[in-house]
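Residue numbers (this note's numbering): 3 to 498.
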């Protein structure tokens, strides 16, 4: 006879992963109510508590998104095109945008009071422009629904590989309201979406839904739940969403710890995932690096902190006397100060006075006075620096390209590596041996779906959990599809 868990007691043992026992804490026992759910995460050994009200909210949203997906199968491509046009027009309307911007100002002020980073939260004119441009790109992109990708011909019959939508795509992202617009790209290929956004940007997201996205769905005749926002600030809403077995794909963007947990939840449920939680690009300058090209690569890689910002700079020791001054020149040109972490053993390539000179560093918690250069453990090069206005990265001297590749492959988050070198054979070797989905020969900030591929990105994936199967590292709306095989038999006597 089936039994239901209706209460917890402190110290109660719970089996996790088949071979580990964890015990219920007093706090969890007190919070748990009848109807709530617990999820034991095998990878992390955590017990996650999902209140009934949150579970019901998420289950309802996913169910409605499934219904919307079924409705999307029958809509015309022109209706989807119309949706993007209407959405972009609403964002371009100054009256509409003023309402969204007003709410965003409150979100930003509240986040600052909490000492939270606001670099991705501010809905300024640049963000507005990029959102509109992105929606225009989806509008102009030909539909891939029912497109025949290839055909295999046999005697008397053929087999078509047909691109088809996959279903409901779930998104969890933190303080990035622009992703709300970017992620609607999954509608272009006939899918539907459910969003969960961090508490810092929740009110801004609700304003975008109310004043722009929902009116665009209605005006184009699409199902009202083709794109749904979970109006919950609780982390458990994201947990419940990624643990819902009705998803076709779960996409997470945010900090490493959060994304790692969400990815484990989705995988253990059996859901396909696209994850990006740890960033920080590496730039390697070998013995043949052109000084001017190196300087400009540094300058254009540190304009703001995002996942593709320069995080580790490897400089060939034999060229340090020439290249380090170029690095400092690029930092000075930015005009916002800088903070350097020098790997142990590389202290001598940096001017001695920088270890004794303070600078004003703009942190999420306010302005801090810190030394410009400090020593950092050589075995912790993969640490990602989070900064607001003051560029910050690690510098390490290398013997040559061999060491640069080895350090990246062993210590980086396996996201992006760029090489400045005049040696064409070095670049070919770099492409072959570096273990990253994104490889360049100059500035690191090119890794962006809208900038590089003319398609707004839904997520960027590194290879920390293994290389990606049959897809590139940038996830875009037209990349969310499955393949149906359709047989067309001309000869009725064909048999196997």
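Ideal Cβ placement from N, Cα and C applies to all residues, glycine included.
Keep in mind that this is a model prediction, so the values were computed, not measured.
TODO: Compute the Euclidean distance between the alpha carbons of residue 369 and residue 341, then round it to the nearest angstrom.
DONE: 13 Å
- [ ] Kindly give me the distance between the Cβ atoms of residue 428 and residue 421, rounded to whole angstroms, as I take these residues to be in contact under 8 Å.
- [x] 7 Å
Task: Segment limits, alpha helix (DSSP H) that includes residue 119 - done: Unbroken run through residue 119: none, as it is neither H nor E.
TODO: Can you grab the Cα-Cα spacing for the pair residue 300 / residue 321, in whole Å?
DONE: Distance between the alpha carbons of residue 300 and residue 321: 16 Å.
Open item on the list: Measuring only the C-alpha atoms, how far is residue 234 from residue 483?
Closed with: Cα to Cα, residue 234 sits roughly 29 Å from residue 483.
Open item on the list: Quick check on the DSSP output: the alpha helix (DSSP H) that includes residue 376 runs from which residue to which?
Closed with: Premise fails: residue 376 lies in the beta strand (DSSP E), 375 to 378, not in any alpha helix (DSSP H).
Open item on the list: Is the beta carbon of residue 142 closer than 7 Å to that of residue 150?
Closed with: no
Task: Delimiting residues of the alpha helix (DSSP H) encompassing residue 58 - done: Taken as a continuous stretch (DSSP letters only), the alpha helix (DSSP H) holding residue 58 covers 54 to 74.
- [ ] Could you tell me which uninterrupted alpha helix (DSSP H) segments, each at least 4 residues in length, are contained entirely in the stretch 243 to 274, listed from first to last along the chain?
- [x] 258 to 271
Task: residue 153 to residue 489 span [Cα, whole Å] - done: 10 Å
Task: Beta-bridge partners of residue 488, as assigned by DSSP - done: 162
- [ ] Label residue 196 either buried or exposed according to how many other C-beta atoms from any shown protein chain fall within 10 Å of its C-beta, with 16 as the threshold for buried.
- [x] buried
- [ ] Have a look at residue 55 and residue 360 and give me their C-alpha separation to the nearest angstrom.
- [x] Rounded to the nearest whole angstrom, the CA to CA distance from residue 55 to residue 360 is 51 Å.
TODO: Give the DSSP bridge partners of residue 15, in chain order.
DONE: 25
- [ ] Jot down the residue ranges of each uninterrupted beta strand (DSSP E) in the stretch 279 to 365, minimum 3 residues, whole runs only, in chain order.
- [x] 283 to 287, 312 to 318, 341 to 345, 360 to 365
- [ ] Kindly indicate which three-state DSSP category residue 20 falls into: helix, strand or coil?
- [x] In the displayed model, residue 20 falls within coil according to three-state DSSP, outside both helix and strand.
TODO: Find out if the Cβ-Cβ distance for the pair residue 315, residue 244 is shorter than 7 Å.
DONE: no
Task: Check whether residue 174 and residue 194 have beta carbons under 7 Å apart - done: no
Task: Length of the line joining the Cα atoms of residue 124 and residue 107 - done: 8 Å
TODO: Measure how close the beta-carbons of residue 419 and residue 400 come, nearest whole angstrom, since I'm counting them as under 8 Å.
DONE: Contact flag wrong, Cβ pair sits at about 13 Å.
Task: Three-state secondary structure assigned by DSSP to residue 385 - done: Of the three classes helix, strand and coil, the one that applies to residue 385 here is coil, per DSSP.
TODO: List the whole-angstrom C-beta distance separating residue 363 from residue 339, where the pair is believed to meet the contact cut-off of C-beta under 8 Å.
DONE: Taking 8 Å as the upper bound for CB-CB distance, residue 363 and residue 339 are in contact here, some 7 Å apart.
- [ ] Grab the span of the beta strand (DSSP E) containing residue 156 for me, first residue to last.
- [x] 150 to 156
Open item on the list: Could you compute how far the alpha carbon of residue 312 sits from the alpha carbon of residue 212?
Closed with: 37 Å
Task: Other residues of its chain near residue 100: CB distance less than 7 Å, five sequence neighbours each side excluded - done: Within its own chain, no residue has a Cβ closer than 7 Å to the Cβ of residue 100 once the five positions on either side in sequence are excluded.
Open item on the list: Taking the alpha helix (DSSP H) that residue 209 belongs to, which residues open and close that run?
Closed with: Annotation: the continuous alpha helix (DSSP H) that includes residue 209 extends over 204 to 210.
TODO: Could you check how far apart the C-beta atoms of residue 278 and residue 463 are, in whole angstroms? I think they sit under 8 Å.
DONE: 5 Å
Open item on the list: Tell me the DSSP secondary structure of residue 429 in three-state form.
Closed with: helix
Open item on the list: Let me check one thing: in DSSP terms, what residues is residue 372 bridge-paired to?
Closed with: 361
TODO: Note down, in chain order, each residue of its chain lying with its Cβ closer than 6 Å to the Cβ of residue 391, except the 5 sequence neighbours on either side.
DONE: 338, 364
Task: Length of the line joining the Cα atoms of residue 270 and residue 44 - done: 8 Å
Open item on the list: Please classify residue 496 as buried or exposed, where buried requires at least 16 other C-beta atoms within 10 Å of its C-beta.
Closed with: exposed
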